[in-house]
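One structure below.
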Ligand SMILES: [Zn+2]
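Residue numbers (our numbering): 813 to 1019.
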């Protein structure tokens, strides 16, 4: 039996909150159910490996997101801020297959309250690490940014490829799904929204 509780490579929050032995048993059951032999050499370690992988890719379920948020005050800075091209990897909750791509975040601070650049990436990462939908991930990122710094406006755009679509041939490989979420001034004011989207588009096209 694999000693999950004492494997320091597994995120602590997953070791404390997940039944990884049950995940291992379930993967073994799936392998048998599809007609594989879970005892053959190449598969012996697979259920435990998948359990440890799930502990990582679903660790966001148990992580306290406040750990990922650090706020600075830069007095007088209430200009639009873009954090673009944040890579992320998530798991589609309908098929448990990956969807991955880039997130672009724009916000306007209130009273100079800004987030550390790496912290925005951490927020995206934590919210990605659970069974997710692209639309909900987009909304959750916007809500967390809004809440963390009380931003007057937030715009989040995500472009992603879904393996459940591309590897099953429903769509051409490489096709992207784009979602957006607007909060505050980006929702209520068309000029602010257009300015935010133009900033993101310049980043996306590299011009
Ligand atoms: Zn799917």
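In this text, a Cβ means the ideal position worked out from N, Cα and C, and glycines have one as well.
Given this structure, state the Cα-to-Cα distance separating residue i from residue j, to the nearest angstrom.
i	j	result
residue 837	residue 993	39 Å
residue 935	residue 956	8 Å
residue 968	residue 840	39 Å
residue 847	residue 971	37 Å
residue 1000	residue 964	11 Å
residue 856	residue 834	16 Å
residue 909	residue 960	30 Å
residue 907	residue 850	22 Å
residue 831	residue 1017	44 Å
residue 824	residue 854	29 Å
residue 991	residue 926	24 Å
residue 962	residue 882	13 Å
residue 890	residue 948	27 Å
residue 930	residue 818	29 Å
residue 843	residue 858	10 Å
residue 1006	residue 1013	10 Å
residue 880	residue 986	31 Å
Cβ atoms of residue j and residue i: under 9 Å apart, would you say?
i	j	result
residue 995	residue 933	no
residue 892	residue 1009	no
residue 938	residue 898	no
residue 860	residue 814	yes
residue 895	residue 916	yes
residue 976	residue 944	no
residue 900	residue 940	yes
residue 1015	residue 974	no
residue 928	residue 888	no
Have a look at the options and flag the residue whose alpha-carbon is nearest the alpha-carbon of residue i.
i	options	result
residue 978	969, 945, 988 and 971	988
residue 886	843, 867, 902 and 921	921
residue 826	947, 1007, 1004 and 863	863
residue 828	927, 1001, 951 and 868	868
residue 873	950, 942, 948 and 850	942
residue 1004	914, 986 and 966	966
residue 950	902, 986, 984 and 875	902
residue 821	985, 866 and 880	866
residue 997	879, 1013, 842 and 918	918
Starting from residue i, follow its DSSP beta bridges and name the residues at the other end.
i	result
residue 969	916 and 992
residue 870	Partner(s): none; residue 870 has no beta bridge.
residue 944	904
residue 925	885
residue 899	914
residue 893	919
**Q.** Residues proximal to ligand 1 by C-beta, any heavy atom closer than 5 Å
**A.** Ordered along the chain, the selected set is 904, 906, 907 and 976.
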